[in-house]
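Quick notes on the structure that follows.
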Ligand code: GUN
Ligand code: ZN
């Protein structure tokens, strides 16, 4: 069973429970060749902390001596590994050397017999040069074999491999067809040639197509991805597990893995690694080591480099900054930069998993940053949900270096524009930002360099009229109204802001019901910022200082239930969960029966029963597809239970 602990978009920190222990993901499984133990499994477990490894059942089965031992004492004893053992099936050997002499049934049974914790189906490796027809035909066979493997697995877990060559629709179809099969992990297969040939742009398409088809509650394994330089990108796209034979293979021909690429020992000009393996070595001492010892040292170095990157990836997920790490990493090689650019073609899918806000500020690292779904999200919402309150706008610009929030930078100019009956709109790298929205995430919580690049310049054309204003006035150089007497419009401006943020966050209909009647605002004495919104005497909303968005109060939630039809903002739970949720307990996935497909992570939601009666108000931590497929984990963090009325 798989459970998400933390997430950042599609990336997740998870717990995968197996009979041999719990694997925290993202995880890399070192490939162990039982015939050549460059680093022993015991060392992998104790020194490096790997809780799972992968070995090949086909190789074990082909060697009489090892086969006998595996059958007699079992894999864990054979390898002396107390963690989780996954086995592969021989598919990769067929890719390398042609047909293998084993049936799906035989190899699945063999994996069971030797005590593999996670066995793999004998899938057909779909080569990148195959035609669509060939690929489709072989997927049918793989699907049949997966069904067969799932039916005979008993208490061994089964890895059902997604194939489909470079055809996204076939990948998605293959993945989708496995939803109903009793499979525990989904490796994405057939991608080794893509990685060997640095075809990372296609790799992005393949991963995303597979993710679209798969059920979100199963971990996704990227078969053969073991270079630290691709890990963060793959994690960003929702891969949870990896395996690496390269750490040992590369070591055997004196190649060292670093985060920015692979280097041949003979070509290196210096050794700047201080990992425990390199330790006190210099290039010279390392080169002079006897063959076996040198291979082992490099293999251990490679493993340290992998584990280091995995810890960094986890930290960035926790900090909500994985995009920034990926943007750094993908600058190590043009092929990776291409992959990063490819993400802009998948904006719609990525946006579904993009949280409403994050804790820290968003850092701009270059034009590729515009592929992030946060840009698309902002533009969509401001275009659909912003209601201009005047007929004309006055445009200001933020070329990236502008102070934030914009009201602080352009205080007098904004006041002047408003007095003239115009709405100040800042043409920013995010798109047009009306004055009222200048404090929401990520507008105010983002950092750009002072010197704009061409892509940014293109986005901030001040003569655009983006939000259906009738007329546009272009001012506005800071200081142009230095003499203007600021008049106090604070109250009116704040109410406008309160309304605009509500529309952006909850949609126009919900905002209208929240903001109906007489509006009073509780404003912070220190900062002048909105704290609470009182509508007709009811405290409906509170505003958060951090991201400029609201938390929804039960009184506000009750109005939405009454006036905005389901499923808007609703998460429906089964009747047996209602008493717990009403008392303020979190909503667990197992009890979710329905969910608005427009809910994004970190959004305010209404938890309701089957008759659309309010049970609680809270924050979603998952999207619909996840809530409905996971059996474990929190779907909604409840803030206020509403009790029984
Ligand atoms: N190892 C690397 N690629 C693959 C694949 O596509 N299928 C299997 N079973 N193992 C692999
Ligand atoms: Zn090292």
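In my numbering, the protein residues as written are 153 to 797. The C-beta atom is built at its ideal place from N, Cα and C for all residues, glycine as well. Remember, it's a predicted structure, so these values are computed and weren't measured experimentally.
A distance below 6 Å between beta-carbons, with the five flanking residues on each side excluded, links residue 674 to the following residues of its chain, in chain order: 683 and 684. Taking a C-beta distance under 8 Å as the contact criterion, residue 780 and residue 709 do not qualify as a contact pair. Annotation: the continuous alpha helix (DSSP H) that includes residue 664 extends over 660 to 666. A check of alpha carbon separations from residue 263 across 595, 664, 238 and 161 identifies 238 as the nearest. At least one heavy atom of the ligand ZN falls within 7 Å of the beta-carbon of residue 453.
Not one heavy atom of the ligand ZN falls within 7 Å of the beta-carbon of residue 562. Residue 154 and residue 474 have their alpha carbons spaced roughly 21 Å apart.
For residue 244, the Cβ falls inside the 7 Å cut-off from some heavy atom of the ligand GUN. When the beta-carbon positions are compared, residue 232 and residue 206 stay at least 8 Å from each other.
In the DSSP assignment, the residues bridged to residue 693 are 685 and 704. Per DSSP, the beta-bridge partners of residue 408 are 415. By the Cβ neighbour-count rule, residue 421 is exposed, with fewer than 16 other Cβ atoms within 10 Å of its own.
Look at the beta carbons and you see the region 497 to 512 not touching the region 425 to 437: under three pairs across the two are nearer than 8 Å. Residue pairing by DSSP puts residue 625 in a beta bridge opposite 546.
Between the region 482 to 490 and the region 447 to 467, the count of Cβ pairs shorter than 8 Å is below three; the stretches do not touch. Within the region 549 to 581, the runs of alpha helix (DSSP H) that reach at least 4 residues and sit entirely inside it are, in chain order, 558 to 561 and 563 to 571. Taking all protein chains in view, the Cβ of residue 235 is crowded by 16 or more other Cβ atoms within 10 Å, so the residue is classified as buried. Beyond the five residues adjoining it in sequence on each side, residue 738 comes within less than 7 Å, by CB distance, of 786, 788, 789 and 790 in the same chain, given in chain order.
Taking C-beta atoms as the reference points, residue 341 and residue 308 fail to come closer than 8 Å. In the same chain as residue 379, and ignoring 5 residues on each side of it, the C-beta atoms closer than 8 Å to its own belong to 347, 396, 398, 409 and 414, in chain order.
Distance from the CA atom of residue 338 to the CA atom of residue 704, rounded to whole angstroms, is 38 Å.
Excluding residues up to 5 positions away in sequence, nothing lies with its Cβ nearer than 6 Å to the Cβ of residue 750 in the same chain.
Short of 8 Å from the beta carbon of residue 553, and not among the five residues preceding or following it, lie these beta carbons of its own chain, in chain order: 600, 601, 602, 603 and 604. In this structure, residue 173 places its C-beta atom within 8 Å of the C-beta atom of residue 203. Going by beta carbons, residue 269 and residue 407 fall outside the 8 Å limit. Taken in chain order, the complete alpha helix (DSSP H) segments of 4 or more residues contained in the region 332 to 365 are 344 to 348 and 352 to 365. A distance criterion of 7 Å places the beta-carbon of residue 456 in contact range of the ligand ZN, judged by its closest non-hydrogen atom. For residue 400, the distance from the CB to the nearest heavy atom of the ligand ZN is not below 7 Å. Residue 341 has its Cβ nearer than 7 Å to a heavy atom of the ligand GUN.
The Cβ-Cβ distance between residue 325 and residue 179 does not fall below 8 Å. Distance from residue 357 to residue 320 at the Cβ level is roughly 5 Å; contact confirmed, criterion being Cβ atoms closer than 8 Å. Using a Cβ-Cβ distance cut-off of 8 Å, the region 572 to 587 and the region 605 to 623 are in contact, since at least three pairs of beta carbons, one from each stretch, lie closer than that value. Shown here for residue 782: same chain residues with a beta carbon closer than 6 Å to its own, the five before and five after excluded, namely 369 and 741 in chain order.
Within 10 angstroms of the beta-carbon of residue 330 lie 16 or more other beta-carbons, which makes it buried.
Residue 182 carries a strand assignment under DSSP once its states are collapsed to helix, strand and coil. Not one heavy atom of the ligand GUN lies closer than 7 Å to the C-beta of residue 262.
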